[in-house]
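Reviewing the structure listed below.
There are 2 protein chains.
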Amino acid sequence: MSIRIGIMGYGNLGRGIECAVKNNPDMEIVAVFSRRNPDTVKILTEGAKVYSADEILNFKDEIDVLILCGGSATDLPAQTPEYAKYFTVVDSFDTHAKIPEHFAAVDAAAKEGGNVAVISCGWDPGMFSLNRLYSNAILPNGKDYTFWGKGVSQGHSDAIRRIDGVADAKQYTIPVEAALEAVRSGSNPELSVRDKHLRECFVVAEEGADKARIESEIKNMPNYFADYDTTVHFITKEELCRDHAGIPHGGFVIRTGKSGWNNENSHVIEYSLKLDSNPEFTAGVIAACARAAYRMKSEGAKGCKTMFDIPPAYLVAMSGEEMRAHLL
Amino acid sequence: MSIRIGIMGYGNLGRGIECAVKNNPDMEIVAVFSRRNPDTVKILTEGAKVYSADEILNFKDEIDVLILCGGSATDLPAQTPEYAKYFTVVDSFDTHAKIPEHFAAVDAAAKEGGNVAVISCGWDPGMFSLNRLYSNAILPNGKDYTFWGKGVSQGHSDAIRRIDGVADAKQYTIPVEAALEAVRSGSNPELSVRDKHLRECFVVAEEGADKARIESEIKNMPNYFADYDTTVHFITKEELCRDHAGIPHGGFVIRTGKSGWNNENSHVIEYSLKLDSNPEFTAGVIAACARAAYRMKSEGAKGCKTMFDIPPAYLVAMSGEEMRAHLL
Chain E
0 MSIRIGIMGY GNLGRGIECA VKNNPDMEIV AVFSRRNPDT VKILTEGAKV
50 YSADEILNFK DEIDVLILCG GSATDLPAQT PEYAKYFTVV DSFDTHAKIP
100 EHFAAVDAAA KEGGNVAVIS CGWDPGMFSL NRLYSNAILP NGKDYTFWGK
150 GVSQGHSDAI RRIDGVADAK QYTIPVEAAL EAVRSGSNPE LSVRDKHLRE
200 CFVVAEEGAD KARIESEIKN MPNYFADYDT TVHFITKEEL CRDHAGIPHG
250 GFVIRTGKSG WNNENSHVIE YSLKLDSNPE FTAGVIAACA RAAYRMKSEG
300 AKGCKTMFDI PPAYLVAMSG EEMRAHLL
Chain G
0 MSIRIGIMGY GNLGRGIECA VKNNPDMEIV AVFSRRNPDT VKILTEGAKV
50 YSADEILNFK DEIDVLILCG GSATDLPAQT PEYAKYFTVV DSFDTHAKIP
100 EHFAAVDAAA KEGGNVAVIS CGWDPGMFSL NRLYSNAILP NGKDYTFWGK
150 GVSQGHSDAI RRIDGVADAK QYTIPVEAAL EAVRSGSNPE LSVRDKHLRE
200 CFVVAEEGAD KARIESEIKN MPNYFADYDT TVHFITKEEL CRDHAGIPHG
250 GFVIRTGKSG WNNENSHVIE YSLKLDSNPE FTAGVIAACA RAAYRMKSEG
300 AKGCKTMFDI PPAYLVAMSG EEMRAHLL
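Residue numbers (numbering that gives the first Met the number 0), protein chains in the order written: chain E, 0 to 327; chain G, 0 to 327.
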């Protein structure tokens, strides 16, 4: 019997979950829930139906794991604790600074409902976090570096779009190659924000807009751009659609450290991702976490978990024997 | 109270464990056991003592985790099941093809003794295995590639030393850069043994030995060298000691795969290690696994485990709150 998946929220991530489930034969999508009028939401999966988010409690016995595909700013802080009372849930909450309070709220709700809730699944937080943890565990005398990109930052693209005279925009975060090389050399560099990443912006200006002013507003925007070396390219709407339609991302987690009685030996551990589609890859991680959540719930576990708490074996659709024979 | 560690077998790995424990303040070495005369074994840790391997059962109440530092060919197949009856144990058994039978023997013994035994800890098997597992879980539609090196292969060095006329030798396994690049491109190449790795040999010949014959014997040795492009350099004993004294190693685990409703998006996941000291890095992984074994045993777990079964959080000396705040 397959694991019956429900999807709450149907944007890029929800669509990514449908694609991920297609590649996981032990799972099936049974329903998609949306705040929009269900008749206007067209999904990919044959046999699954779209329902209003208000109807979800009717599905308590039809869904094994509910995947919450809302945003971290306002949706998930409310949704994950709410639905963890009734369902085994998985989310991709990614506001790093607020994870402790999100964890506490979700943990209380999941325990109240006797459910398992896995939060912050994806690649950062998620696979990058796991790599930081494993590297810290095995190389305690060392230093961590995380680089993001090359990839599209939704938050920075949105910030540009809010500038007067901007019709559309896409922003790429790009790791500085020289900084990566310095880290890999084991020299333990102290790197400023500017040393680590570049920001490259592709902007469609409205007709007659003052491009010099737009460029200056972007480059001087506090927090988002002022602390970085930022490049601005003005392009046409057609060029933006043709050359910048994708949502690629990726990055690097590197830990360098020492071993030996007198710290005489150096080591470099590097994990990197190069992703054509950020939401589809994130969805792949979430699908594996949904499998683990289902198994933990079946064993009687309760409360909030992160990928730190999941035995890796729970993520794959293989028996222990198969794993040990083929992956170990 | 710290986790009390015993070491069985004192070679490069045993010494590496001492170094690793020095970087893990929640652990201490209480005793080292050797088959040699204890008076002849000099260890690094002040306060710890060396005992004969025969005395080990006297230490059942003094040791929380016994780390088995013998070889995979003959030591561990006997030692791990034997000691798992009496101790929580960790080993680095690395004969991939024999892991299933080793697991079965250790599992029976550990269950009989009510202990936890973690086998095959290190980097391959170990961290590389984990990366294969995670990547398979999150990108099920893809292909795995593992490359080793650049690093010293003990087995291949030993094979050269057995050739008539060879005084000493060191062999480096080197991944072929073009093969790595082909894999990273996502082109899913089919790679032969020869395509993936080069073998470079540094050989000290005995005086008057026939170097042409030695070189030919190396290059034509079945399994070890015949299927590879192999280079042989004859050097002096002094050069070998000066330039090839270290035990570096490393490698790459890469998985490329597709996502999207029509497999339209590609992804590359890459994990790599660059290690100055293979045994010291392996010891770092083992120390983290010893911490996890201690915790699992404290919770009442029994039987044989691998790194696939260990919740990552059990490997680090941090509380859940600290981990979520600083690593997630």
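Where is the CB? At the ideal position from N, CA and C, for every residue including glycine.
Residue(s) in a DSSP beta bridge with residue i
i        : result
Val117/G : Val89/G, Lys304/G
Val64/E  : Ile4/E, Thr87/E
Met26/G  : Ile2/G
Thr94/E  : Answer is none; Thr94/E lacks a bridge partner.
Ala204/E : Val165/E
Asp194/G : Answer is none; Asp194/G lacks a bridge partner.
Gly150/G : Thr172/G
Glu199/G : Tyr171/G, Thr230/G
Continuous alpha helix (DSSP H) stretch holding residue i: start and end
i        : result
Glu216/E : 210-218
Tyr270/E : It is not in any alpha helix (DSSP H) - Tyr270/E instead sits in the beta strand (DSSP E) that spans 264-274.
Thr281/G : 277-297
Lys257/G : Looking at the DSSP string, Lys257/G is not in any alpha helix (DSSP H); the run it does join, the beta strand (DSSP E), is 248-258.
Gly319/G : 319-325
Arg35/G  : Looking at the DSSP string, Arg35/G is not in any alpha helix (DSSP H), and its letter there is neither H nor E.
Val105/E : 98-112
Lys236/E : 236-242
Phe127/E : 126-137
Leu12/G  : 11-21
Asp157/E : 153-160
Partner residues on chain E for residue i, Cβ-Cβ distance less than 7 angstroms
i        : result
Pro311/G : Leu129, Leu132, Tyr133, Phe307
Gly283/G : Ile137, Leu138, Ser258
Ala287/G : Ala136, Ile137
Asn264/G : Asp275, Ser276, Glu279
Pro124/G : Leu327
Cβ distance (whole Å) where residue i is taken to contact residue j below 8 angstroms
i        : j        : result
Val89/E  : Ile285/E : 6 angstroms
Asn264/G : Glu216/E : Going by Cβ atoms, the distance from Asn264/G to Glu216/E rounds to 33 angstroms, so no, they are not a contact pair.
Ala19/E  : Ser33/E  : Going by Cβ atoms, the distance from Ala19/E to Ser33/E rounds to 18 angstroms, so no, they are not a contact pair.
Gly121/E : Ala83/E  : Wrong, their Cβ atoms sit about 18 angstroms apart, outside the cutoff.
Phe307/E : Ala312/G : 4 angstroms
Val203/E : Leu239/E : 5 angstroms
Ile173/G : His196/G : 6 angstroms
Lys210/G : Phe224/G : Not confirmed; about 16 angstroms, so no contact.
Ala287/E : Ala291/G : Actually they do not touch by this definition, with Cβ atoms about 21 angstroms apart.
Ala289/G : Ile2/G   : 7 angstroms
Ala116/E : Ala109/E : 4 angstroms
Ile6/G   : Ser134/G : Contact doesn't hold; Cβ gap of about 33 angstroms is too wide.
Boundaries of the beta strand (DSSP E) in which residue i is found, first to last residue
i        : result
Val165/E : 165-174
His232/G : 228-233
Tyr50/G  : 48-51
Asp143/E : 141-147
Under 7 angstroms by beta carbon: chain G residues contacting residue i
i        : result
Gly259/E : Cys18, Ser276, Glu279
Lys210/E : Those do not exist, as Lys210/E stays about 33 angstroms from chain G at its closest Cβ, beyond 7 angstroms.
Phe102/E : Arg323
Identity of the residue in the options nearest residue i by Cα
i        : options                                : result
Val29/G  : Tyr171/G, Val151/G, Ala292/G, Ile62/G  : Ile62/G
Asp143/E : Phe92/E, His266/E, Val203/E, Cys240/E  : His266/E
Ala244/G : Met7/G, Asn11/G, Gly5/G, Arg3/G        : Asn11/G
Gly46/G  : Glu17/G, Pro76/G, Ile137/G             : Glu17/G
Ser271/E : Ala316/E, Thr145/E, Leu326/E           : Thr145/E
Cys303/G : Arg212/G, Gly207/G, Glu81/G            : Glu81/G
Met220/E : Arg161/E, Glu320/E, Leu326/E           : Arg161/E
His248/G : Pro188/G, Gln170/G, Val105/G, Ala208/G : Gln170/G
Asp93/E  : Leu314/E, Glu214/E, Thr305/E, Leu56/E  : Thr305/E
Asp167/E : Glu189/E, Lys236/E, Ser184/E           : Lys236/E
Lys273/G : Gly69/E, Gly283/E, Ala96/E, Ser258/E   : Ser258/E
Ile253/G : Pro24/G, Leu129/G, Ser91/G             : Leu129/G
Asp228/G : Glu199/G, Asn262/G, Ser186/G           : Glu199/G
Asp242/G : Val151/G, Gly299/G, Ala324/G, Glu180/G : Val151/G
Gly283/G : Ser186/G, Gly319/G, Gly125/G, Val175/G : Gly125/G
Beta-carbon neighbours of residue i, restricted to chain G and to distances below 9 angstroms
i        : result
Lys110/E : By Cβ distance, chain G contributes nothing, its closest Cβ being about 15 angstroms from Lys110/E, past 9 angstroms.
Tyr270/E : Asn130, Ile268, Glu269, Tyr270, Ser271
Leu67/E  : By Cβ distance, chain G contributes nothing, its closest Cβ being about 17 angstroms from Leu67/E, past 9 angstroms.
Ser119/E : Arg323, Leu327
Partners in chain G for residue i, counting only beta-carbon separations shorter than 8 angstroms
i        : result
Glu320/E : Pro99
Lys21/E  : Trp260
Leu43/E  : Trp260
Cross-chain neighbours of residue i in chain E, by beta carbon under 8 angstroms
i        : result
Leu314/G : Leu132, Tyr133, Ala136, Ile137
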